[in-house]
Every structure is written in C-alpha cells, then in structure tokens.
Ligand SMILES: [Ca+2]
Ligand SMILES: [Ca+2]
Ligand SMILES: [Ca+2]
C-alpha cells in the first residue's frame with residue numbers, strides 16, 4: 568500500500584503551490600526537513616529527525632537575525648521503543664501561541680511499526696517530550712498553519728490513503744486532541760482550507776474516494792471499505808466536523824445490490840470566490856461520463872451563501 572503513496576505524493580507536490588487558500592499552511596512528508604521558529608525571530612530554522620545507536624535524534628539548524636547560524640543535536644527517547652532505527656521520521660513545527668516560546672515539534676511515523684499501540688504522535692517542547700496523543704497510524708502527510716476551532720491557536724492535521732483519510736487534531740495546552748473533522752478515504756487527496764461556514768475556525772474541502780458515504784450507506788458498522796469506489800467532494804466544518812456533500816453522486820438499489828452514479832470522475836476542488844461577493848465558493852473540475860468516444864471535461868461551480876450552504880450553478 569505504501570508504494571502507492573509515493574506515486575500519489577509526487578502528484579500532490581506538483582500541484583501544491585497552486586492553491587491560494589493554502590498559502591499559509593505547512594505540510595511535511597516522510598524525512599522532510601521541518602521548518603519552524605527555534606530562535607524566537609522571524610527567520611526560518613530547520614529541524615531534521617534521525618537516530619543514532621543511543622536513541623532518536625533531532626538536528627537543529629538555527630538562523631539568527633544578526634546573521635549567525637548554529638547547528639545542534641538533541642536526543643530523545645520514545646517510551647518502549649528499543650530499536651532506534653524505528654524512531655519517528657516525519658513531523659511538523661507548531662507555534663505554542665506564546666511568543667516567548669519556540670515552536671513545539673510534533674513527531675510521528677510514516678509507517679508506525681508499533682501500529683495499534685497508541686499513541687502515535689509525540690509533542691516535543693525545547694526538544695524534550697512533553698505529551699503524546701492518538702493519531703493516524705500511517706500518515707502520508709502531517710500539516711499545520713490552520714486554526715480549525717477558532718481559538719487562535721494553530722492546530723494540525725494528517726492525511727493518508729491508508730483508510731483513516733483526513734483528520735484534524737486541535738491544540739489543547741501542551742498536547743493535541745482529535746478534532747471533529749474526519750473524512751475516511753482510501754485515496755490520497757489534497758485538502759484545501761478557507762472560511763466557508765461563517766463560524767470561527769478554518770474549514771476544509773477535499774475530494775474523496777471510496778470513503779465516508781460509502782461506509783455510511785453500505786457498511787452500517789462504519790468499517791472502511793478499501794479499493795475503487797464512488798468519488799465526490801466534501802466540505803467539512805473545521806469547528807464542528809459537519810460534512811456537506813458537494814459533488815453529488817447517487818446510490819441506487821436496483822435489486823441486485825447497491826450501485827452508484829456520479830457526474831464527474833476524479834473530481835478536483837478549488838476554493839475561489841466565483842461570483843465576487845467576498846465569500847469563498849467551490850469549483851470542481853474533472854471528467855464527465857464516458858460517452859462512447861471520450862470523457863469531456865466538466866466544471867461544476869458551487870456558490871456558498873456564507874454559512875456553508877452551497878448551490879450548484881445551473
Ligand atoms: Ca485551534
Ligand atoms: Ca469556519
Ligand atoms: Ca462567492
């Protein structure tokens with residue numbers, strides 16, 4: 568499964584800079600450098616996760632306002648982890664909300680070799696573990712730079728194609744707690760952020776495949792279904808987690824079982840103010856149903872009334 572992730576990742580990176588709505592966000596992949604503020608100034612510093620025979624390590628390259636640079640190594644131990652080669656390999660720097668403190672580091676694993684033995688993420692303050700929390704076992708990306716619940720503190724999210732899809736985690740003191748926004752997904756979709764429902768907190772738009780609605784309609788126990796399946800687009804309230812299905816498909820029971828229909832194949836959403844009223848709307852592009860010779864490109868514009876109610880432009 569993870570080999571597929573690498574392929575999908577390359578596609579996501581290629582399109583990452585195209586979304587204005589995501590301009591202030593940071594999202595890190597496995598073994599990526601973690602850019603943050605570790606000197607209490609505005610110049611970006613870098614933390615790199617690693618390991619040595621004695622434990623897990625962090626290499627911190629600091630850059631100061633007056634031109635000095637410094638590199639320092641820190642060591643930390645994950646409780647119960649005896650093989651340093653299995654140290655965390657991805658993370659993100661998150662401001663604490665207190666200007667006299669450097670960023671926290673939230674570290675996790677691209678592949679959690681202790682899968683199922685939560686917690687799956689640790690918070691390091693001044694490069695020492697201060698807390699842990701349950702997170703995705705196999706995140707493809709971990710990101711920050713968005714305040715989902717409107718309390719003024721930066722939160723984080725993870726997304727993966729390993730079933731848990733997109734999930735938010737809200738800053739709570741020295742740690743993070745799972746937020747209400749969750750979209751099960753078996754495909755790695757880029758997410759887009761902006762104010763959609765008029766309520767405090769940043770909201771989310773993502774395509775999905777073989778995911779939440781699939782589970783709702785065909786798996787009463789809520790267990791994820793993996794493999795090819797319905798595609799669509801969902802808006803999610805960052806504060807409440809309320810899901811709004813934008814790109815429609817319908818489930819029909821023809822007596823031989825459930826089948827699905829949809830208007831756009833491989834839908835890709837973007838957040839844009841389509842009608843110029845100052846409120847973000849959602850534009851979905853993709854290919855339409857195959858007509859026997861080709862699949863025409865299709866665009867659906869969903870106008871937002873400012874409270875998260877969307878209307879498809881005829
Ligand atoms: Ca927050
Ligand atoms: Ca909101
Ligand atoms: Ca608008």
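Numbering (the numbering used here), first residue to last: 568 to 881.
For each residue, glycine too, the CB sits at the ideal point set by N, CA and C.
With C-beta atoms as the reference, is residue i less than 8 Å away from residue j?
{"i": "residue 660", "j": "residue 674", "result": "no"}
{"i": "residue 696", "j": "residue 607", "result": "no"}
{"i": "residue 651", "j": "residue 600", "result": "no"}
{"i": "residue 721", "j": "residue 662", "result": "yes"}
{"i": "residue 700", "j": "residue 643", "result": "no"}
{"i": "residue 691", "j": "residue 671", "result": "yes"}
{"i": "residue 842", "j": "residue 870", "result": "yes"}
{"i": "residue 613", "j": "residue 591", "result": "no"}
{"i": "residue 740", "j": "residue 802", "result": "no"}
{"i": "residue 630", "j": "residue 610", "result": "yes"}
{"i": "residue 800", "j": "residue 758", "result": "no"}
Can you tell me whether DSSP reads residue i as helix, strand or coil?
{"i": "residue 626", "result": "strand"}
{"i": "residue 655", "result": "coil"}
{"i": "residue 756", "result": "coil"}
{"i": "residue 698", "result": "strand"}
{"i": "residue 660", "result": "strand"}
{"i": "residue 729", "result": "coil"}
{"i": "residue 724", "result": "strand"}
{"i": "residue 636", "result": "strand"}
{"i": "residue 688", "result": "strand"}
{"i": "residue 788", "result": "With a pLDDT of only 44 at residue 788, under 50, the local geometry of the prediction cannot be trusted, and no value is derived from it."}
{"i": "residue 703", "result": "coil"}
{"i": "residue 773", "result": "strand"}
{"i": "residue 763", "result": "coil"}
{"i": "residue 642", "result": "strand"}
{"i": "residue 881", "result": "coil"}
{"i": "residue 854", "result": "strand"}
Could you tell me how far apart the beta carbons of residue i and residue j are, in whole angstroms, since I believe they sit closer than 8 Å?
{"i": "residue 908", "j": "residue 717", "result": "Outside the shown range of the chain (568 to 881) lies residue 908, about which nothing can therefore be said."}
{"i": "residue 715", "j": "residue 735", "result": "5 Å"}
{"i": "residue 616", "j": "residue 625", "result": "6 Å"}
{"i": "residue 832", "j": "residue 806", "result": "Not quite, the Cβ-Cβ distance comes to about 32 Å (not below 8 Å), so this is no contact."}
Along the chain, where does the beta strand (DSSP E) that runs through residue i open and close?
{"i": "residue 833", "result": "832-839"}
{"i": "residue 601", "result": "601-603"}
Across the region 705-712 and the region 594-610, are there enough close Cβ pairs to call them in contact, namely three or more that are closer than 8 Å? A contact exists between the region 705-712 and the region 594-610.
Three-pair Cβ contact test at 8 Å for the region 844-860 versus the region 757-772: Contact holds: three or more Cβ-Cβ distances are below 8 Å.
Tell me whether the region 803-811 and the region 837-846 touch, counting them as touching only if at least three CB pairs, one residue from each stretch, are closer than 8 Å. The region 803-811, when compared against the region 837-846, does not touch it at the 8 Å Cβ threshold.
Evaluate the contact criterion for the region 722-729 versus the region 746-754: three or more CB pairs, one atom per stretch, below 8 Å. Contact between the region 722-729 and the region 746-754 is present, because at least three Cβ pairs lie under 8 Å.
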